[in-house]
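Below you'll find the structure, written out as structure tokens, and then a few comments.
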Amino acid sequence: MSLMGGTAAPKPVCYTNATVKFFYESSGKNISDTWRTQDYIVVGLGLTVCVFIILANILVITAIFINRRFHYPIYFLLGNLAAADLFAGIAYLHLMFHTGPWTQRLTRYQWFLRQGLIDTSLTASVINLMAIALERHQTIFTMQLHSKMTNRRVFLLILSIWLVATLMGLVPTLGWNCVCNLARCSKMAPLYSRDYLVFWAVLNLVSFTIMVVVYTRIFIYVRHKSQRMSQHTTQSRHKETVESLMRTVFVILSCFVICWTPGLVLLLLDGVNCGIIVLKFEKYFLVLAEFNSLMNPIIYSYRDQDMRRTFKRILCCLCPRAGHKGQHAGVRFNTLDQEAHKMTCIEEDPNRHPNGTHLVLQGANDLQNSSVS
Numbered sequence: 024m025s026l027m028g029g030t031a032a033p034k035p036v037c038y039t040n041a042t043v044k045f046f047y048e049s050s051g052k053n054i055s056d057t058w059r060t061q062d063y064i065v066v067g068l069g070l071t072v073c074v075f076i077i078l079a080n081i082l083v084i085t086a087i088f089i090n091r092r093f094h095y096p097i098y099f100l101l102g103n104l105a106a107a108d109l110f111a112g113i114a115y116l117h118l119m120f121h122t123g124p125w126t127q128r129l130t131r132y133q134w135f136l137r138q139g140l141i142d143t144s145l146t147a148s149v150i151n152l153m154a155i156a157l158e159r160h161q162t163i164f165t166m167q168l169h170s171k172m173t174n175r176r177v178f179l180l181i182l183s184i185w186l187v188a189t190l191m192g193l194v195p196t197l198g199w200n201c202v203c204n205l206a207r208c209s210k211m212a213p214l215y216s217r218d219y220l221v222f223w224a225v226l227n228l229v230s231f232t233i234m235v236v237v238y239t240r241i242f243i244y245v246r247h248k249s250q251r252m253s254q255h256t257t258q259s260r261h262k263e264t265v266e267s268l269m270r271t272v273f274v275i276l277s278c279f280v281i282c283w284t285p286g287l288v289l290l291l292l293d294g295v296n297c298g299i300i301v302l303k304f305e306k307y308f309l310v311l312a313e314f315n316s317l318m319n320p321i322i323y324s325y326r327d328q329d330m331r332r333t334f335k336r337i338l339c340c341l342c343p344r345a346g347h348k349g350q351h352a353g354v355r356f357n358t359l360d361q362e363a364h365k366m367t368c369i370e371e372d373p374n375r376h377p378n379g380t381h382l383v384l385q386g387a388n389d390l391q392n393s394s395v396s
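Residue numbers (the numbering used here): 24 to 396.
In structure tokens, the structure reads:
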């Protein structure tokens with residue numbers, strides 16, 4: 024009884040011993056006891072995406088590790104991005120074997136682990152993208168070919184990224200959930216509070232906005248300086264640099280928007296209790312978000328000639344006979360000795376920029392010359 028003589032407020036009931044199925048049924052999301060066609064489609068597509076994510080990012084990490092030309096801050100960040108995307112592939116693979124009818128067999132903590140791995144991996148991937156954008160911004164605006172960050176600062180940054188990502192994955196387990204408040208349970212993730220989903224979605228949208236602003240500033244700055252740069256370089260070189268930068272920015276931002284926006288919108292809709300809509304598309308949009316982890320190695324690594332050359336060396340080591348057959352078929356595959364010779368020639372070429380931002384830093388070199396003049 025309260026001090027004013029009124030009745031005491033009802034004490035919240037915590038369903039700590041309830042099953043996962045109980046929370047699903049309470050939120051209006053049913054767990055099927057049998058495998059449906061859409062379950063087979065989602066799991067089949069998800070497993071396929073996971074395999075490509077894991078293989079692609081292992082290839083990137085291996086290339087950065089074995090090639091000393093990649094031992095620079097920007098490549099360390101790219102390697103961490105690949106590690107985050109690799110972790111995302113593993114986390115999503117774990118999800119594929121604990122979804123559908125298998126979900127009802129999970130304990131509450133197993134369910135939180137399943138979702139926490141996804142949150143941690145995807146958060147780390149997004150923060151890495153933002154860190155790379157900020158590093159490129161700093162490199163361009165200070166007119167340098169190499170970042171001033173020491174290896175110690177880079178590794179501290181990487182450690183901070185993983186600490187923040189891990190914290191985001193643990194937040195629901197530590198208490199920001201709906202175990203004691205069924206009315207706030209999410210439709211997409213029935214043990215998560217809708218407030219947390221809104222917070223997570225807004226945080227990622229803010230990160231996306233920061234990346235848009237950073238790349239927009241880079242583009243405006245380069246376009247402004249390119250007018251002076253064109254006075255010292257050929258018109259074709261000036262046009263190529265600007266257009267290449269435009270294509271890179273367009274691909275990066277477009278990939279992020281296409282892969283993430285649908286899922287983030289669903290989270291926001293779930294946060295305002297529009298569960299009927301989100302349940303129809305949640306699994307497909309989750310697979311779409313995972314595609315971002317597959318696209319990152321392609322966007323940030325495949326455009327670099329040195330990275331492609333290292334990929335070829337790795338693949339030739341794995342499939343030497345295939346490379347030998349390719350030579351007889353008229354397709355030119357370099358042997359390891361030829362590749363080693365080419366890498367030696369590259370290292371002797373002072374005009375190469377081994378810091379990892381081949382396109383942007385090439386333009387930065389031209390901009391630096393124009394600024395000095």
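All C-beta atoms, glycine included, are put in the ideal place defined by N, C-alpha and C.
Close beta carbons around residue i, own chain, < 7 Å, minus the five adjacent residues each side
i	result
residue 118	137, 141
residue 317	72, 75, 76, 79
residue 164	244
residue 134	43, 214
residue 157	237
residue 39	202
residue 52	210, 213, 302
residue 228	287
residue 185	147
Residues that residue i bridges to, as DSSP identifies them
i	result
residue 208	216
residue 200	215
Reduced DSSP category for residue i - H, G, I as helix; E, B as strand; rest coil
i	result
residue 80	helix
residue 327	coil
residue 98	helix
residue 41	coil
residue 55	coil
residue 35	coil
residue 172	coil
residue 232	helix
residue 296	coil
residue 342	coil
residue 319	helix
residue 90	coil
residue 182	helix
residue 120	coil
residue 165	coil
residue 129	coil
residue 353	For residue 353, the pLDDT reaches just 38, beneath the cut-off of 50, and the residue's location in the model is therefore unreliable, although a value from the coordinates is still provided. Coil at residue 353, not helix or strand.
Same chain, Cβ closer than 6 Å to residue i, neighbours up to 5 away in sequence not counted
i	result
residue 50	208, 210, 213
residue 189	143
residue 90	333
residue 110	144
residue 313	72, 115
residue 8	Nothing about residue 8 can be reported from this structure: the residues present for the chain run from 24 to 396 only.
residue 282	311, 312, 314, 315
residue 35	203
residue 46	213, 214
residue 220	209, 290, 293, 294
Selected residue, minimal CA-CA separation from residue i, among the options
i	options	result
residue 311	215, 196, 330, 284	284
residue 278	231, 196, 125	231
residue 331	86, 46, 36, 68	86
residue 183	158, 202, 151	151
residue 61	106, 93, 123	123
residue 101	276, 125, 181, 126	181
residue 174	125, 99, 104, 195	99
residue 276	217, 239, 220, 46	239
residue 215	70, 197, 179	197
residue 108	342, 192, 319	319
residue 222	206, 194, 246	194
residue 58	121, 35, 47, 81	121
residue 199	187, 218, 290, 81	218
residue 177	131, 304, 97, 305	97
residue 41	297, 205, 341	205
residue 125	56, 296, 342, 187	56
Nearest-angstrom Cβ-Cβ length linking residue i and residue j, presumed shorter than 8 Å
i	j	result
residue 129	residue 43	5 Å
residue 286	residue 309	6 Å
residue 159	residue 241	7 Å
residue 172	residue 234	At roughly 19 Å, the Cβ-Cβ gap does not stay under 8 Å, so residue 172 and residue 234 are not in contact.
residue 329	residue 92	6 Å
residue 54	residue 161	At roughly 48 Å, the Cβ-Cβ gap does not stay under 8 Å, so residue 54 and residue 161 are not in contact.
residue 139	residue 192	4 Å
Cβ shell of residue i (< 8 Å), same chain only, five flanking positions each side left out
i	result
residue 321	79
residue 307	65
residue 37	202, 203
residue 280	231
residue 104	148, 151, 152, 155, 319, 323
Residue i Cβ short of 6 Å to the ligand FMN heavy atom set
i	result
residue 65	As presented, the structure is devoid of all ligands, the ligand FMN included, so that no description of it is given.
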